[in-house]
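The sequence shown maps to residues 14 to 290 in the numbering used here. The beta carbon of each residue, even a glycine, is placed where N, CA and C say it ideally should be. Since the model is a prediction, treat every value here as computed from it, not as a measurement.
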Amino acid sequence: MSSLREQMIQQMQLRGYSQQTIASYLNSIQTLSKHYNQSPDELTWDQIRLFIQRELIEKQISQSYINQLISALKILFVQILHREWDPIAIPRARLQKKLPVVLSTVEVERLLHALSNLKHRTLLYVAYSSGLRLGELRALKLSDIDSSRMQIRVVQGKGNKDRYTILSQKALEQLRFYYKYFRPSVWLFETSKGVAMSERTIQQVFKNALGKSGITKKVSIHSLRHSFATHLMEQGVSLAIIQQLLGHKSLRTTSIYLHVQQYALNKVKSPLDFLAV
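And the structure:
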């Protein structure tokens with residue numbers, strides 16, 4: 014698969030795919046190829062369909078993973094092998110629409126207070142206050158913090174697009190305190206070796222904070238991004254602004270937070286109360 018692999022990498026790089034997406038696509042095809050012990054270009058539609066059915070039914074693999082495999086196969090078969098794709102033989106899985114799990118503002122406070130480690134606490138401050146993805150948080154550099162405009166520049170976010178998000182005043186104060194003690198040189202959150210903190214380490218930081226906080230919800234560090242968006246919406250920030258801050262391509266993606274926002278019932282007034290009757 015080596016030559017096919019190189020061609021796939023080149024094709025995806027030309028399309029502007031992120032390194033994470035390229036790695037995921039290659040891994041999914043490699044799993045399929047190993048299952049049959051055959052080169053992927055030798056596989057039949059029936060073999061691919063049977064593999065997908067097995068993954069869905071026996072292993073209960075997520076439908077999004079199956080669609081990822083199908084997208085990778087389409088690049089291989091159509092763009093590289095120049096074969097005609099059969100959407101009937103290999104249909105995409107219908108994704109279940111699941112609402113994101115979010116933390117309340119009280120729970121976020123508990124989470125941030127749970128850590129005594131200055132670097133780890135600052136990391137979570139920035140993650141929540143700016144609504145960053147895990148990869149974006151890891152890739153932050155000192156030069157991305159614009160305190161004069163109170164913004165954070167997100168370089169090459171999802172879809173390889175740069176954007177700006179907000180810099181919280183409290184997060185800035187925390188960052189200044191953190192910088193005074195750690196003096197990072199390039200990366201905002203770097204190790205003692207001067208390299209960016211790994212995504213796995215960041216995930217472990219969140220997991221440790223979650224355990225110490227006593228919060229029992231099934232959440233990940235990405236839930237801080239969901240919570241950021243939901244809490245902004247509950248404050249009355251427009252959907253379009255939240256879309257811009259999150260870096261969503263489609264407003265439809267952002268609109269999912271309409272379903273998870275919560276309003277205090279005692280603050281909601283009947284329209285009758287505004288009438289002169």
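(Q) So, under 8 Å CB-CB, leucine 131 and proline 197 are touching, yes? Tell me the CB distance rounded to an integer number of Å. (A) Actually they do not touch by this definition, with Cβ atoms about 12 Å apart.
Q) Does the region 187-195 come within contact of the region 209-221, defined as at least 3 CB pairs closer than 8 Å? A) no
Q: Kindly indicate the opening and closing residues of the beta strand (DSSP E) around threonine 178.
A: 176-179
Q. Glutamine 76 to alanine 85, Cα distance in whole Å?
A. 14 Å
Q. Taking Cβ positions, are leucine 259 and glycine 148 nearer each other than 7 Å?
A. It is not a contact, given that the beta carbons lie outside the stated cut-off.
Q. From lysine 87 to glutamate 97, what distance separates their C-alpha atoms?
A. Approximately 9 Å, taken between the alpha carbons.
Q.
Less than 6 Å between C-beta atoms, sequence neighbours within five positions excluded: which residues of the same chain meet that for glutamine 92?
A. Excluding the 5 residues flanking it on each side, glutamine 92 has same chain C-beta neighbours closer than 6 Å at Gln24, in chain order.
Q. Quick one: what's glutamine 10 bridged to in DSSP?
A. With the chain covering 14 to 290 only, the question about residue 10 has no answer from this structure.
Q | CB contact flag (glutamine 216, isoleucine 234, <7 Å) | A | Result yes, Cβ atoms of glutamine 216 and isoleucine 234 sit closer than 7 Å.
Q | Bounding residues of the alpha helix (DSSP H) (the contiguous stretch that carries leucine 292) | A | Here the chain has residues from 14 to 290 only, and residue 292 is not among them.
**Q.** Contacting residues, own chain, Cβ-Cβ under 7 Å from glutamine 20 (five flanking each side not counted)
**A.** Excluding residues up to 5 positions away in sequence, Ile93 lie with their Cβ nearer than 7 Å to the Cβ of glutamine 20 in the same chain.
Q. Near leucine 278, what residues of its chain come up, given a Cβ to Cβ distance below 8 Å and the 5 sequence neighbours on each side ignored?
A. Residue placement at leucine 278 cannot be trusted, given a pLDDT of 45 that sits under 50; what the coordinates show is reported in the next sentence. Nothing listed; no residue qualifies.
**Q.** Best match in Val139, Tyr38, Ser268 and His95 for proximity to alanine 253 [C-alpha to C-alpha]
**A.** Measuring from the Cα of alanine 253, the nearest candidate turns out to be Ser268.
Q) Distance, Cα to Cα, leucine 285 vs leucine 223? A) With a pLDDT of 46 at leucine 285, under the threshold of 50, the modelled position of this residue cannot be trusted; read the value that follows with caution. Each residue's Cα considered, the two are about 44 Å apart.
Q) Who does tryptophan 200 pair with in a DSSP beta bridge? A) Lys154
Q. Count the other CB atoms within 10 Å of the CB of leucine 63; is the residue buried (16 or more) or exposed (fewer)?
A. exposed
Q. Among all the DSSP beta bridges, which residues are the ones paired with alanine 209?
A. In DSSP, alanine 209 forms a bridge with Glu203.
Q: Assign proline 100 to buried or exposed, taking buried as 16 or more other Cβ atoms, counted over all protein chains shown, within 10 Å of its Cβ.
A: exposed
(Q) Using a 10 Å radius around the Cβ and a threshold of 16 neighbouring Cβ atoms, would you call serine 163 buried or exposed? (A) Note that residue 163 is methionine in the sequence shown, not serine. Exposed: under 16 other Cβ atoms inside 10 Å.
Q | Nearest-angstrom Cα separation, counted from valine 199 out to glutamine 169 | A | 17 Å
**Q.** Extent of the continuous alpha helix (DSSP H) to which glutamate 122 belongs
**A.** 118-126
Q. If we count Cβ pairs, one from each stretch, closer than 8 Å, do we get three or more for the region 46-59 versus the region 26-35?
A. no
Q: Kindly indicate which three-state DSSP category serine 31 falls into: helix, strand or coil?
A: coil
Q. Going by the beta-carbon positions, is the gap between histidine 244 and proline 113 smaller than 7 Å?
A. no
Q. In or out: histidine 126 buried (at least 16 other Cβ within 10 Å) or exposed?
A. exposed
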